[in-house]
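Residues 196 to 830 in the numbering used here are what the sequence shown spells out, letter by letter.
Note sheet for the following structure.
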Amino acid sequence: MEELKYDKDKLELIKDLEEAKSFLQKSSKALIDSQERLGFVAKILSAQTVIDNNLASFEEVIEKDYADFANTVSFKDEVAQYTKLKNLQKELYRILSLKDLANKSTIAVGGGFSAGKSKFITSFFEDESIKLPIGVKPVTAIASYIVHGEINSIKGYTYKGGTIDIPLELYASLSHDFIKELGFNIKEILPMMTMTTKMTKHKHICFIDTPGYNPSSTGTTSQDLATASEFLQNASALMWLVGIDSSGTIPSSDLDFLTTLDLDKKELYVVISKADLKPQSELEEILSEFESVLSSYNIEYKGISAYSANTKKEIAYRKLDMESFLTSVSKDVISGDSLAESLNSVLLAYKKSLVKEKRKHDKVSQVLHSLELDVMQTGSELSPKVEDSLEDLKAKEKDEIVAIDSKLQELDNLHDKMFERLKNVLDGLDIKFNMPSFLLPKKDKKKKKDKNLGSTIVKKDAAEVWDELLKMQHPNLTVAGGKDWYNIKFLDKGVCLALEFSSEYPIFNLKKLIKNTIRDYSFEHIYLFNDKDFNGIRVSVLKDAVCTEDIVFFSSLEYENLVELDSMLADACDKPKGCGLQGLEDALLKLPEKDGGGMKLLTYLGDWGVDKTKNRQDSILTLLTHLGDWGVDKT
């Protein structure tokens with residue numbers, strides 16, 4: 196009995212010793228892990244900053260020269276343009292830090308958790324001992340760029356611009372409790388990592404291993420979206436993975452996520468992962484389902500592939516096979532031209548704003564000058580007070596124009612300096628670019644016509660439209676010369692005239708002007724058309740415009756509108772400025788009695804001119820009194 200008790204005690208002691216040993220081993224491992232974590236963080240924090248003098252010089256011109264210029268210019272999009280510059284600065288830093296990425300196409304690989312993203316990328320590795328971390332939470336994920344390289348290596352890029360080597364075993368542990376135990380988001384001090392391993396077939400591609408997103412039910416959608424957008428920013432394409440074990444279709448959470456992402460100019464390719472789990476016949480049905488769902492959500496895509504990472508083979512596809520897609524995307528390498536265009540677009544935005552402001556002041560100066568001429572032609576004189584005020588206004592506008600010209604010259608100098616610094620940065624990477632134009636694009640007149648006409652008339656050939664107009668008015672008439680040069684010339688001028696007039700007075704019905712006034716008048720002069728006749732057409736168009744529309748329109752006209760209307764009428768009648776309304780009177784008084792309108796307009800103008808003189812400045816009073824007297828006399 197004593198021996199049995201001894202054996203029992205011995206066994207319990209051995210058990211206790213084993214438990215103690217296990218505890219010590221775990222404690223020791225925890226201590227080692229803790230030391231490893233602390234050592235890793237210390238390594239990141241102590242990494243020496245690698246300074247690129249060319250990039251530092253480019254950053255200096257942004258923070259000093261550009262900032263000084265922007266602070267002296269009033270521009271509503273200032274924040275947006277500065278953000279673009281900072282993004283360009285980040286992109287240059289990224290390319291400099293990750294020189295292996297230079298001139299490689301970047302493809303982001305995304306999808307929900309357990310979609311098989313990491314295993315998908317790993318299937319392209321020639322060395323199967325290299326694995327990517329799995330299950331890293333989006334909010335703590337470090338951007339991982341995977342590129343072809345002759346040796347296996349993993350590097351981390353610190354927030355200070357330093358570089359550290361990361362052991363393979365440590366890299367693999369980043370997917371477990373390692374990050375959580377640190378007690379803070381490691382991405383704040385280690386924003387990027389690169390892995391190089393042999394991928395001979397895809398040596399011109401850089402894959403971005405993006406973290407999976409959580410479905411909306413977890414309440415982290417906004418964070419996931421922000422993280423996904425961050426990863427997508429530097430990618431030229433997105434490969435979206437859906438596990439075939441999900442539901443046989445694209446989850447609604449995936450579809451909502453895709454429609455929310457900004458995929459502007461980024462190609463989308465959908466991959467059905469784990470395709471070896473289903474028979475071929477079922478895969479075909481699933482592919483058809485995917486096509487239907489993507490179409491119903493209006494999501495554009497290049498193709499769909501049913502792929503097995505285990506066998507490294509594509510089993511079936513729709514539209515474009517995966518290998519062809521990867522080959523096509525690999526041609527879209529990092530472009531110096533796109534970087535230059537990013538910088539140029541910021542500076543062009545400022546130039547456009549300044550030129551627009553200058554044109555506004557030019558127009559005001561022209562109106563003031565026209566006002567002086569109008570008053571002089573009436574034989575009246577301005578009071579000294581009004582004349583001094585007018586001179587002050589003219590001087591002020593002139594000073595504004597001179598100041599804007601100075602800023603435009605300053606902007607040109609800034610443009611040259613910034614592009615010189617950008618060239619120095621890119622030369623260090625052997626990336627070339629073509630200098631983009633710094634000229635403002637000319638306005639597309641055809642687009643303006645389409646917008647203003649709002650009809651299909653300008654979408655057709657001029658001669659074709661001319662025939663159509665004639666047939667509408669005279670259905671039984673055949674015109675042998677319907678497509679001759681005169682008719683085409685006339686139609687072009689007629690449409691331009693209507694557009695010119697409507698741009699200032701959009702109340703007029705352009706369709707009516709084109710189909711009635713221009714057509715009817717020109718039909719009488721179909722073979723005798725010349726520039727002199729066209730002046731007559733202008734008078735006719737203006738006559739119809741003011742007589743066929745609501746007369747109350749004129750109550751909304753300001754003085755500047757009257758000056759412009761007078762100028763247009765004067766041009767139409769070949770008369771000096773200030774006599775345009777007399778030309779309108781001549782046209783109106785020739786109207787047949789049945790048309791009415793003419794006398795009604797003259798009377799209205801007279802009454803309006805007299806009423807409005809009561810509360811106007813002297814400079815405006817003179818012209819309006821003249822209009823009033825003229826209108827009253829004629830009635």
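Note that the Cβ used here is the ideal one computed from N, Cα and C, for glycine as well.
Other residues of its chain near G649: CB distance less than 6 Å, five sequence neighbours each side excluded: Residue 649 sits at position 454 when you count from the first residue of the sequence shown. The predicted model places G649 with a pLDDT of 32, which falls under 50 and marks its position as unreliable; any figure quoted below should be read in that light. Within the same chain, G649 has no close Cβ partners at all.
Short Cβ contact (8 Å threshold) for M387 with I337: Working through the sequence shown from its first residue, we reach residue 387 at position 192. Working through the sequence shown from its first residue, we reach residue 337 at position 142. Their beta carbons are under 8 Å apart, which means M387 touches I337 by this criterion.
4-residue-minimum alpha helix (DSSP H) runs that sit fully inside the stretch 466-551, ordered along the chain: 475-491, 517-524
Straight-line Cα distance separating L534 from H832: Nothing can be reported for residue 832: it is not among the residues displayed for the chain, which extend from 196 to 830.
CA-to-CA distance, I445 to P362, given in whole angstroms: Against the sequence shown, residue 362 aligns to sequence position 167. Against the sequence shown, residue 445 aligns to sequence position 250. Looking at the two C-alpha atoms, the distance is approximately 37 Å.
Distance between N347 and E536 (C-alpha atoms, nearest Å): The count along the sequence shown starts at 1 and reaches residue 536 at position 341. The count along the sequence shown starts at 1 and reaches residue 347 at position 152. Answer to the nearest angstrom: the Cα atoms are 35 Å apart.
Cβ-based neighbour list, I349, same chain, cut-off 6 Å, excluding 5 preceding and 5 following: As a first step, residue 349 is located in the sequence shown; it is residue number 154 there, counting from the start. Cβ within range, chain order: I361, Y366, M390.
Residue span of the alpha helix (DSSP H) that contains V256, given as start and end: Taking the sequence shown and counting its residues from 1, one reaches residue 256 at position 61. Premise fails: V256 is in no alpha helix (DSSP H) and is neither H nor E.
Contacting residues, own chain, Cβ-Cβ under 8 Å from T358 (five flanking each side not counted): In the sequence shown, residue 358 corresponds to position 163, counting from 1. Cβ within range, chain order: A242, V245, S292, K350, G351, Y352.
Beta-carbon gap between Q475 and I510 smaller than 8 Å: Counted from its first residue, the sequence shown places residue 475 at position 280. Counted from its first residue, the sequence shown places residue 510 at position 315. Yes, Cβ-Cβ distance for Q475 and I510 is below 8 Å.
DSSP three-state assignment for L327, whether helix, strand or coil: For the purposes of this step, residue 327 is taken as residue 132 along the sequence shown, with counting starting at 1. In this structure, L327 counts as coil in the three-state DSSP scheme.
F452, enclosing alpha helix (DSSP H) - first and last residue: Taking the first residue of the sequence shown as 1, we reach residue 452 at position 257. F452 -> alpha helix (DSSP H) spans 447-455.
DSSP-derived helix/strand/coil call for K350: Taking the first residue of the sequence shown as position 1, residue 350 is located at position 155. Note: K350 maps to strand in three-state DSSP.
Under 8 Å between C-beta atoms of F320 and M394: In the sequence shown, the residue the question calls residue 320 occupies position 125. In the sequence shown, the residue the question calls residue 394 occupies position 199. For F320 and M394, yes; Cβs fall inside 8 Å.
Alpha-carbon to alpha-carbon, Y496 and A275: One-based indexing of the sequence shown puts residue 275 at position 80. One-based indexing of the sequence shown puts residue 496 at position 301. When rounded, the distance between both Cα atoms is 30 Å.
Alpha carbon of L606 to alpha carbon of A251, nearest angstrom: Here residue 606 refers to the residue found at position 411 when the sequence shown is read from its first residue. Here residue 251 refers to the residue found at position 56 when the sequence shown is read from its first residue. Those two C-alpha atoms are separated by around 21 Å.
Beta-carbon proximity of N629 to D557, cut-off 8 Å: As a first step, residue 629 must be located in the sequence shown, where it is residue number 434. As a first step, residue 557 must be located in the sequence shown, where it is residue number 362. Not a contact, by the Cβ cut-off of 8 Å.
Reference K553, options E592, D322, L609, closest by Cα: Looking up residue 553 in the sequence shown gives position 358. Per the Cα distances, E592.
Bridge partners - S252, DSSP secondary structure assignment: In the sequence shown, residue 252 corresponds to position 57, counting from 1. DSSP, once it has assigned bridges, lists no residue as partnering S252.
8 Å Cβ shell around L542 - same chain, five flanking residues per side excluded: Stepping through the sequence shown from its first residue, residue 542 is reached at position 347. Within the same chain, L542 has close Cβ partners L606, L609, H610, M613, F633.
Backbone CA spacing between G234 and T317 [nearest angstrom]: Indexing the sequence shown from 1 puts residue 234 at position 39. Indexing the sequence shown from 1 puts residue 317 at position 122. Computed Cα separation, rounded: 28 Å.
Cut-off 7 Å between Cβ atoms - residues of its own chain near E480, not counting five sequence neighbours on either side: Looking up residue 480 in the sequence shown gives position 285. Cβ neighbours of E480 beyond the five flanking positions: none.
Euclidean distance between Cα positions of P579 and D263: Sequence index remark: in the sequence shown, residue 579 carries index 384 (1-based). Sequence index remark: in the sequence shown, residue 263 carries index 68 (1-based). Whole-angstrom Cα-Cα distance: 42 Å.
Whole-number beta carbon distance between G305 and L433, since they are thought to touch under 8 Å: Sequence index remark: in the sequence shown, residue 433 carries index 238 (1-based). Sequence index remark: in the sequence shown, residue 305 carries index 110 (1-based). L433 to G305, Cβ: 6 Å. Contact.
Option in S324, I257, I494, E323 with minimal Cα separation from F452: By 1-based counting over the sequence shown, the position of residue 452 is 257. Nearest of S324, I257, I494, E323 to F452, Cα basis: I494.
Length of the line joining the Cα atoms of V597 and E286: In the sequence shown, residue 597 corresponds to position 402, counting from 1. In the sequence shown, residue 286 corresponds to position 91, counting from 1. Taking the straight line joining both Cα atoms gives about 37 Å.
Buried or exposed (CB count within 10 angstroms, at least 16 for buried), H564: Counting from one through the sequence shown, the residue named residue 564 turns up at place 369. So H564 ends up on the exposed side.
Candidates K627, D622, V562, V550, of which the one nearest Q604 by Cα: Residue mapping note: residue 604 aligns to position 409 of the sequence shown, counting from 1. The residue with the shortest Cα to Cα distance from Q604 is V550.
Residue(s) in a DSSP beta bridge with E462: Here residue 462 refers to the residue found at position 267 of the sequence shown. Answer is A432, bridged to E462.
Where F402 falls, given that 16 or more other Cβ within 10 Å makes a residue buried: Here residue 402 is taken as the residue at index 207 of the sequence shown, counted from 1. Buried is the call here.
Through-space distance from S269 to A544, alpha-carbon basis: By one-based count along the sequence shown, residue 544 stands at place 349. By one-based count along the sequence shown, residue 269 stands at place 74. About 12 Å.
N- and C-terminal bounds of the alpha helix (DSSP H) containing F191: The shown model of the chain, from 196 to 830, leaves out residue 191, and the question about it has no answer.
Whole-angstrom C-beta distance between A501 and Y512, which should lie under 8 Å: Along the sequence shown, read from residue 1 onward, the residue named residue 512 stands at position 317. Along the sequence shown, read from residue 1 onward, the residue named residue 501 stands at position 306. Between A501 and Y512 the Cβ distance is about 7 Å, and since that is below 8 Å, they are a contact.
Alpha carbon of E582 to alpha carbon of V559, nearest angstrom: As a first step, residue 582 is located in the sequence shown; it is residue number 387 there, counting from the start. As a first step, residue 559 is located in the sequence shown; it is residue number 364 there, counting from the start. Whole-angstrom Cα-Cα distance: 16 Å.
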